[in-house]
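Asker: First the structure, which I've put down as structure tokens, then a few questions once you've had a look.
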Amino acid sequence: MALFGGAPAMKKGDMVYAWTTDKAIAEKAELGGAVTGLWKYALDKKLVDAVLVVKKGSDLYDAKPAIITKSEDLKNTAGSLHCGTLLLSKVITRYLNGAKDKKIGVTVKGCDLMGIIELVRRKEINPENLFLIGVNCGGSVSPIMARKMITDKYGVSPDIVHKEEIDKGQFIIEYEGGHKGISMDELEEAGYGRRTNCRRCKYKVPRQADLACGNWGVIGEKAGKATFVEVCSDKGANLLAQAAKDGVIQTEAANPKGVEIRAKVEGAMLKLGDKWRKKDFAKLKADTWGTINRETSRCIRCYSCIENCPVCFTKATDLKKPSLMVGAGEVPPNAMFHMRRFAHISDTCVNCGQCEELCPMDIPLALFSHAIRVEGDSVYKSKLGEATYTN
Ligand code: FAD
Ligand code: SF4
Ligand code: SF4
Numbered sequence: 026m027a028l029f030g031g032a033p034a035m036k037k038g039d040m041v042y043a044w045t046t047d048k049a050i051a052e053k054a055e056l057g058g059a060v061t062g063l064w065k066y067a068l069d070k071k072l073v074d075a076v077l078v079v080k081k082g083s084d085l086y087d088a089k090p091a092i093i094t095k096s097e098d099l100k101n102t103a104g105s106l107h108c109g110t111l112l113l114s115k116v117i118t119r120y121l122n123g124a125k126d127k128k129i130g131v132t133v134k135g136c137d138l139m140g141i142i143e144l145v146r147r148k149e150i151n152p153e154n155l156f157l158i159g160v161n162c163g164g165s166v167s168p169i170m171a172r173k174m175i176t177d178k179y180g181v182s183p184d185i186v187h188k189e190e191i192d193k194g195q196f197i198i199e200y201e202g203g204h205k206g207i208s209m210d211e212l213e214e215a216g217y218g219r220r221t222n223c224r225r226c227k228y229k230v231p232r233q234a235d236l237a238c239g240n241w242g243v244i245g246e247k248a249g250k251a252t253f254v255e256v257c258s259d260k261g262a263n264l265l266a267q268a269a270k271d272g273v274i275q276t277e278a279a280n281p282k283g284v285e286i287r288a289k290v291e292g293a294m295l296k297l298g299d300k301w302r303k304k305d306f307a308k309l310k311a312d313t314w315g316t317i318n319r320e321t322s323r324c325i326r327c328y329s330c331i332e333n334c335p336v337c338f339t340k341a342t343d344l345k346k347p348s349l350m351v352g353a354g355e356v357p358p359n360a361m362f363h364m365r366r367f368a369h370i371s372d373t374c375v376n377c378g379q380c381e382e383l384c385p386m387d388i389p390l391a392l393f394s395h396a397i398r399v400e401g402d403s404v405y406k407s408k409l410g411e412a413t414y415t416n
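Here this note's numbering runs 25 ahead of the position in the sequence shown, where the first position is 1.
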């Protein structure tokens, strides 16, 4: 069924190369600007009331969410920020009333999408009013790590870098007077590179969105100039087809060799995720209780991990009251403070890494909750068979 009228010749499962025809967007975009071009079209045609995207914050290593209602404001939101580690699901509940009364378009990485799905399950977000354009994700680098890595490994001041990108397994920087790329494997072996939760992440192509976009598989003369779009829903098919019909986006069939390459890269990334899981979980297994106790003994009870968890929506003010298991005012809190949180999210943690990223005491919280989730899933998997366990 054509949701937006017309008779689009596009369907779920189609794979195309796509790019915008808007020059201003194309100039700022990462790979041809299909994503931003589609948002412009959706706003102009009033298919959505607002789009929630990410734009550069105070510097290249900072990302901030932006709620855009006028399409002329979109061009500054084009481009990929690999050091922008924020998560968008709670922005929808906090600032957009859970999309309960407005149609909202959102650009999502896999973890944004999983966070949204968990909040939909809790009836905090209305999925009917959401339009989701997914971007493939090989991982992100925390802003502090990015600065340290560029200083130590690249021998460059992070302040003179004007562009960063991750391409063909390398983290590449462009700066006044040059550019330099180092393979992510080499960086990670040396203790730098992607966030640890990203290394373990296995949601590389966000197929639960309406469209999944990325650079993997774009070969030939379109390499670097177009994005590879996999159509994942009827809604996605209609938007893409209508935008193409009206000349806002151009598309061509994806090169079959490119489709093959994309599948191979995705497979390799999944294997890499398994490798990191094995490594990280083995370290934890060697002394689980000792590690959790030692690490959490630094906790200053700031509640940041709870406030920023996309799955949990308990208010910190409620948790400050004395409870059955955790006394008020105790710092560091007793082990039950953490055990209660781990139990609470044991079957829903999406491994987005926000708890760890925003913990002022650098406690490896994501590792603990991810290990609990993966162990729990393995029980369901053995009973129910392979379902979509992507975290
Ligand atoms: P544009 O028109 O430039 O639009 C990009 C959109 O992404 C904008 O809406 C922007 O707000 C949003 N965005 C930018 N940074 C973030 C962020 N940190 N979180 C959420 N949204 C953001 N593709 C691959 O095939 N393989 C990869 O390994 C891969 N890794 C990626 C890692 C990250 C962190 C990101 C953000 C993207 C990644 N991509 C990857 C997708 C790719 O870089 C392009 O975003 C995609 O091809 C769309 O290109 P475009 O020119 O159409 O997008
Ligand atoms: Fe990307 Fe996964 Fe890391 Fe999220 S957790 S930023 S989807 S690699
Ligand atoms: Fe404790 Fe860190 Fe959570 Fe703050 S974010 S409550 S310091 S574990």
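Beta carbons are placed, not taken as given, at the ideal position from N, Cα and C, and that holds for glycine.
(1) Tell me, which residues are paired with K89 by DSSP?
(2) When you compare each of V404, L383, C377 to S394 by their alpha carbons, which one comes out closest?
(3) May I ask whether a heavy atom of ligand 4 can be found less than 6 angstroms away from the beta carbon of C324?
(4) Given this structure, state the Cα-to-Cα distance separating V375 from T339, to the nearest angstrom.
(5) Just reading off the alpha helix (DSSP H) that E355 is part of, what are its end residues?
(6) Would DSSP call M40 helix, strand or coil?
(7) Report the three-state DSSP secondary structure of Q379 (helix, strand or coil).
(8) Examine ligand 1 and report whether any of its heavy atoms sits within less than 6 angstroms of the Cβ of V284.
(9) For E190, which option in H107, P385, A215 has the closest C-alpha, if you only look at C-alpha atoms?
(10) Decide if P152 is buried, meaning its Cβ has at least 16 other Cβ atoms within 10 Å, or exposed.
(11) I think E291 touches K229, with their Cβ atoms under 8 angstroms apart; what is that distance to the nearest whole Å?
(12) Within 10 Å of its beta-carbon, does D184 have 16 or more other beta-carbons around it, so buried, or fewer, so exposed?
(13) Closer than 6 angstroms by C-beta to A463: which residues in its own chain qualify, once you throw out the five before and the five after it? Chain order, please.
(14) DSSP three-state call for K303: helix, strand or coil?
(15) Per DSSP, which residues does S208 bridge with? Please list them.
(16) In the region 116-153, which residue ranges form an unbroken beta strand (DSSP E) of at least 3 residues, counting only runs that do not cross its ends?
(17) Use the C-beta contact count for R147: other C-beta atoms within 10 angstroms, 16 or more gives buried, fewer gives exposed.
(18) Around the C-beta of D177, are 16 or more other C-beta atoms found within 10 angstroms, so that it is buried, or is it exposed?
(19) Would you check if the distance between the CB atom of W44 and the CB atom of A368 is smaller than 7 angstroms?
(20) Where DSSP assigns a beta bridge to C257, which residues make up the other side?
(21) So, for K406: in the same chain, excluding its five sequence neighbours on each side, which residues have a beta-carbon less than 6 angstroms away from its beta-carbon?
(22) At a cut-off of 6 angstroms, would you count I388 as near ligand 3, judging by its Cβ distance to the nearest heavy atom?
(23) With burial defined as no fewer than 16 other Cβ atoms inside 10 Å of the residue's Cβ, what is the status of E285: buried or exposed?
(24) So, is the C-beta of H369 closer than 7 angstroms to a C-beta in chain D?
(25) How far does the beta strand (DSSP E) with V160 in it extend, from its first residue to its last?
(26) Using alpha carbons as the reference points, say which of D98, G140, A88 lies closest to C380.
(27) Indicate the three-state DSSP secondary structure (helix, strand or coil) for Q275 in the structure shown.
(28) Give me every residue whose Cβ sits closer than 5 angstroms to any heavy atom of ligand 2, in chain order.
(29) Is the beta carbon of Y42 less than 7 angstroms from the beta carbon of K270?
(30) Confirm the yes/no value for this check: CB of C384, any heavy atom of ligand 3, distance under 6 angstroms.
(31) Shorter than 6 angstroms, the distance from the beta carbon of C327 to the closest heavy atom of ligand 3, or not?
(32) Would the beta-carbon of W241 fall within 7 angstroms of that of R287?
(33) Check whether the region 158-166 and the region 210-230 touch, using three or more Cβ-Cβ pairs below 8 angstroms as the test.
(34) Pull up the distance between the alpha-carbon of K127 and that of F253, whole angstroms please.
(35) If you draw a straight line from the alpha carbon of A396 to that of I274, how long is it in whole angstroms?
(36) Any heavy atom of ligand 3 inside 6 angstroms of the beta-carbon of C330?
Answerer: Taking the geometry as given:
(1) Sequence index remark: in the sequence shown, residue 89 carries index 64 (1-based). For K89, which the question treats as bridged, DSSP gives the partners K80.
(2) Translated into positions along the sequence shown, residue 394 becomes position 369. It is C377.
(3) Summarising the ligand content, the structure contains ligand 1, ligand 2 and ligand 3 and does not contain ligand 4.
(4) Your numbering for residue 375 matches position 350 in the sequence shown. Your numbering for residue 339 matches position 314 in the sequence shown. About 17 angstroms.
(5) As a position in the sequence shown, residue 355 is number 330, starting the count at 1. No alpha helix (DSSP H) contains E355, which DSSP labels as neither H nor E.
(6) Along the sequence shown, read from residue 1 onward, the residue named residue 40 stands at position 15. Strand.
(7) Locating residue 379 in the sequence shown gives position 354, counting from the first residue. Here Q379 sits in helix by DSSP.
(8) For this step, residue 284 is matched to residue 259 along the sequence shown. V284 Cβ: outside cutoff for every heavy atom of ligand 1.
(9) Within the sequence shown, numbered from 1, the residue matching residue 190 stands at position 165. Residue H107 is the option with its Cα nearest to E190.
(10) If you number the sequence shown from 1, residue 152 lands on position 127. Exposed: under 16 other Cβ atoms inside 10 Å.
(11) As a position in the sequence shown, residue 291 is number 266, starting the count at 1. As a position in the sequence shown, residue 229 is number 204, starting the count at 1. About 5 angstroms separates the two Cβ atoms, so the contact holds.
(12) Here residue 184 refers to the residue found at position 159 when the sequence shown is read from its first residue. Counting Cβ neighbours within 10 Å, D184 comes out exposed, since fewer than 16 surround it.
(13) Missing from the structure shown is residue 463; the chain here goes from 26 to 416 and no further.
(14) Along the sequence shown, one-based indexing puts residue 303 at 278. Looking at K303 - three-state DSSP - the assignment turns out to be helix.
(15) Mapped onto the sequence shown, residue 208 falls at position 183. Beta-bridge pairing links S208 to Q195.
(16) 129-133
(17) Locating residue 147 in the sequence shown gives position 122, where the first residue counts as 1. Label assigned to R147: exposed.
(18) Position 152 of the sequence shown, counting from 1, holds the residue named residue 177. Exposed: under 16 other Cβ atoms inside 10 Å.
(19) Mapped onto the sequence shown, residue 44 falls at position 19. Mapped onto the sequence shown, residue 368 falls at position 343. No, Cβ-Cβ distance for W44 and A368 is not below 7 angstroms.
(20) Position 232 of the sequence shown holds residue 257. Its beta-bridge partners do not exist; DSSP assigns none.
(21) As a first step, residue 406 is located in the sequence shown; it is residue number 381 there, counting from the start. So no residue of the chain qualifies.
(22) In the sequence shown, the residue the question calls residue 388 occupies position 363. Within the cutoff, so yes.
(23) As a position in the sequence shown, residue 285 is number 260, starting the count at 1. It is exposed - the Cβ of E285 has fewer than 16 other Cβ atoms within 10 Å.
(24) Absent from the structure is chain D; it holds one protein chain and no more.
(25) The residue given as residue 160 occupies position 135 in the sequence shown. Unbroken beta strand (DSSP E) run through V160: 155-160.
(26) In the sequence shown, residue 380 corresponds to position 355, counting from 1. C380 has its Cα closest to that of G140, out of D98, G140, A88.
(27) Counting from one through the sequence shown, the residue named residue 275 turns up at place 250. Looking at Q275 - three-state DSSP - the assignment turns out to be strand.
(28) K134, G135, C136, C162, G164, S165, C223, C226
(29) One-based indexing of the sequence shown puts residue 42 at position 17. One-based indexing of the sequence shown puts residue 270 at position 245. Not closer than 7 angstroms, so no.
(30) As a first step, residue 384 must be located in the sequence shown, where it is residue number 359. Answer for C384: yes, Cβ within range of ligand 3.
(31) In the sequence shown, the residue the question calls residue 327 occupies position 302. Result yes, Cβ under 6 angstroms from ligand 3.
(32) The residue labelled residue 241 in the question sits at position 216 within the sequence shown. The residue labelled residue 287 in the question sits at position 262 within the sequence shown. The answer is yes: Cβ separation under 7 angstroms.
(33) yes
(34) Taking the first residue of the sequence shown as position 1, residue 127 is located at position 102. Taking the first residue of the sequence shown as position 1, residue 253 is located at position 228. Each residue's alpha carbon lies about 29 angstroms from the other.
(35) One-based indexing of the sequence shown puts residue 396 at position 371. One-based indexing of the sequence shown puts residue 274 at position 249. The straight-line gap from Cα to Cα measures roughly 42 angstroms.
(36) The count along the sequence shown starts at 1 and reaches residue 330 at position 305. Yes.
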